[in-house]
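Right, one structure below, let's go through it.
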Amino acid sequence: MQTDALKQKIITAKTSLGIDKIGFTTAAPFRHLAAGLKTQKAKGYTSGFEHQVLAQRLYPQRIFDHPQSIIAIALAYPSKLPFKVPHDRQQPRGRFARASWGLDYHQILRDKMQQLINFIKANIDVKAHFKAMVDTGELIDVAVAQRAGLGFIGRNGLLITQEFGSFVYLGEIITDIPFVPDQPMANQCGTCTRCIDQCPSQALLGNGHLNAQRCLSYQTQTKGIMAAEFRPKIRNVIYGCDICQLVCPFNRGKAVDGHVQMQPQLDEAAPKLKQLLTISNQEFREQFGQLAGAWRGKKPLQRNAIIALANLGDRSAIPLLLKLSEQDVRPIIRATAIWALAKLAKDNKTAIVAFLKQCQQVEKDAQVQHSLQVALKRIRGKELNSHKIS
1 MQTDALKQKI
11 ITAKTSLGID
21 KIGFTTAAPF
31 RHLAAGLKTQ
41 KAKGYTSGFE
51 HQVLAQRLYP
61 QRIFDHPQSI
71 IAIALAYPSK
81 LPFKVPHDRQ
91 QPRGRFARAS
101 WGLDYHQILR
111 DKMQQLINFI
121 KANIDVKAHF
131 KAMVDTGELI
141 DVAVAQRAGL
151 GFIGRNGLLI
161 TQEFGSFVYL
171 GEIITDIPFV
181 PDQPMANQCG
191 TCTRCIDQCP
201 SQALLGNGHL
211 NAQRCLSYQT
221 QTKGIMAAEF
231 RPKIRNVIYG
241 CDICQLVCPF
251 NRGKAVDGHV
261 QMQPQLDEAA
271 PKLKQLLTIS
281 NQEFREQFGQ
291 LAGAWRGKKP
301 LQRNAIIALA
311 NLGDRSAIPL
321 LLKLSEQDVR
331 PIIRATAIWA
341 LAKLAKDNKT
351 AIVAFLKQCQ
361 QVEKDAQVQH
371 SLQVALKRIR
381 GKELNSHKIS
């Protein structure tokens, strides 16, 4: 098999296949990542979403018979909304991070990689084997992409490409075809530390690694009660976080349009927060089911919507929050709504205190009881401060 000619055919065909960048690397182990990954886990910096078998993340040979090469691909996604989000104080909107706009990128990447595999099979006369994966797979996408020459890994841990900045989805295909590898790209961050300096939760460690437990994107995806320190930091973003990308100089001026399937719709990328809190399961699936940001289900997004309403100071949400605090069957939602009530309490503090005390009499969940105690203490603190001012 003339792999040089095949490689050139693949590169030539990438545009017609809808692939924005493609590169090739060996199937050699990623041993240099081992120490960092072990340290991350030992310090409790992992998210739990990662593949749990370390050897399979480092050694392609552990997940594929006789691998010879890895093909890395990148698809650019939209960096800006193609429309202006309407400002309505009666119906404030939340925001989804850019990487969750449009159709779930996992599906898009898998489709593109299958098309690429079909193209390769049609252009060879021997049997070859392939294993495609996205960020739910074993290998570490950014490490594969960097070694395949698609870009370099920035201090924020993301792959940064020359053409699209870091606004790219990554996927890779292990194969037993021995392609000539491309040259890896060296880090180009220089002395810049903007992503580290601007990270609201100080999640970035400065070496391309992060404490995932402190990352706001991770926090929006958890299913439990969000720690109090992170709630104001997410502002009105109900899924993900873009800050370390938006401040990166390599993303300046990168007005990426992305692919048709990635184009956002207004009520998906910027949903009305109060409507999100009253949506049925069926309505949720119809509106958000195709988004990557819906993979954790309705509850985390509704929890985040409550936090966003409080951060926005939307006191018109109080009647809805009262109902959720008392009637929602999910303790996480009740506890978060109670926190929001305390944050929004102003001239109606007496009525809210009476309501929360009533909830204390019937609430059986320990976490919600704790939220009630904290909320009442917060409101009493507001009252003391107002008396001091007057």
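Just so we're aligned, residue 1 is where the sequence shown starts under full-length UniProt numbering, counting upward by one.
Think of the CB as a built atom: it goes at the ideal place given N, C-alpha and C, for glycine as much as any other residue.
DSSP bridge partner residues for residue i (one or two, in chain order)
i: A76; result: V168
i: Y59; result: Looking at the DSSP assignment, Y59 forms no beta bridge with any residue, so it has no partner.
i: A128; result: The partner list for A128 (beta bridge, DSSP) is empty, contrary to what the question assumes.
i: I160; result: F152
i: M133; result: E172
i: L210; result: L204
i: I22; result: I73
i: K272; result: R93
Helix, strand or coil at residue i according to DSSP, with G and I counted as helix
i: M113; result: helix
i: R7; result: Before going on, a small fix: residue 7 reads as Lys here, not Arg. In this structure, K7 counts as helix in the three-state DSSP scheme.
i: K38; result: helix
i: I225; result: coil
i: R296; result: coil
i: S69; result: strand
i: V237; result: strand
i: V46; result: For clarity, residue 46 is Thr in the given sequence; the question names Val instead. Reduced to three states, the DSSP call for T46 is coil.
i: F250; result: helix
i: I177; result: coil
i: S217; result: helix
i: A99; result: helix
i: H106; result: helix
i: K382; result: helix
i: Q52; result: coil
i: residue 392; result: Here the chain covers residues 1 to 390 and nothing more, so residue 392 does not appear.
i: C244; result: helix
i: A308; result: helix
i: T278; result: helix
i: D365; result: coil
i: F119; result: helix
i: K388; result: Bear in mind that a pLDDT of 48 at K388, under 50, signals an unreliable position, so the number given afterwards is only what the model happens to contain. Reduced to three states, the DSSP call for K388 is helix.
i: S16; result: coil
i: Q2; result: coil
i: Q302; result: helix
i: V256; result: coil
i: F230; result: helix
i: A27; result: coil
i: D182; result: coil
i: L291; result: coil
i: H32; result: helix
i: K377; result: helix
Whether residue i touches residue j by CB criterion (8 angstroms)
i: residue 394; j: I22; result: Coverage of the chain is limited to positions 1 through 390, which leaves residue 394 absent and any answer about it impossible.
i: S79; j: T25; result: no
i: G145; j: A97; result: Note that residue 145 is Ala in the sequence shown here, rather than Gly. No. Outside cutoff.
i: R93; j: K343; result: no
i: D141; j: L170; result: yes
i: I225; j: I332; result: yes
i: A340; j: S371; result: no
i: I71; j: K131; result: no
i: V204; j: C192; result: With the sequence shown as reference, residue 204 is identified as Leu, and Val is not the correct amino acid for it. For L204 and C192, no; Cβs fall outside 8 angstroms.
i: A375; j: I338; result: yes
i: N156; j: C248; result: yes
i: S16; j: A292; result: no
i: L103; j: Q290; result: yes
i: Q245; j: D267; result: no
i: P300; j: Q213; result: no
i: G149; j: M113; result: no
i: V134; j: L109; result: yes
i: L322; j: Q302; result: no
i: C189; j: I243; result: no
i: A345; j: I379; result: yes
i: E138; j: H51; result: yes
Span of the alpha helix (DSSP H), counted from its first residue to its last, around residue i
i: K343; result: P331 to L344
i: F284; result: N281 to F288
i: residue 461; result: Because residue 461 is not part of the residues shown, which for the chain are 1 to 390, the question remains open.
i: S316; result: Unbroken run through S316: none, as it is neither H nor E.
i: V142; result: D141 to R147
i: R194; result: R194 to Q198
Within-8 angstroms CB hit, residue i to chain C
i: D182; result: The structure shown has no chain C; it contains just one protein chain.
Should the segment 51 to 61 be called in touch with the segment 237 to 253, which here means at least 3 C-beta pairs below 8 angstroms? no
Inter-stretch contact at 8 angstroms, needing at least 3 Cβ pairs: the segment 160 to 168 / the segment 125 to 134: no
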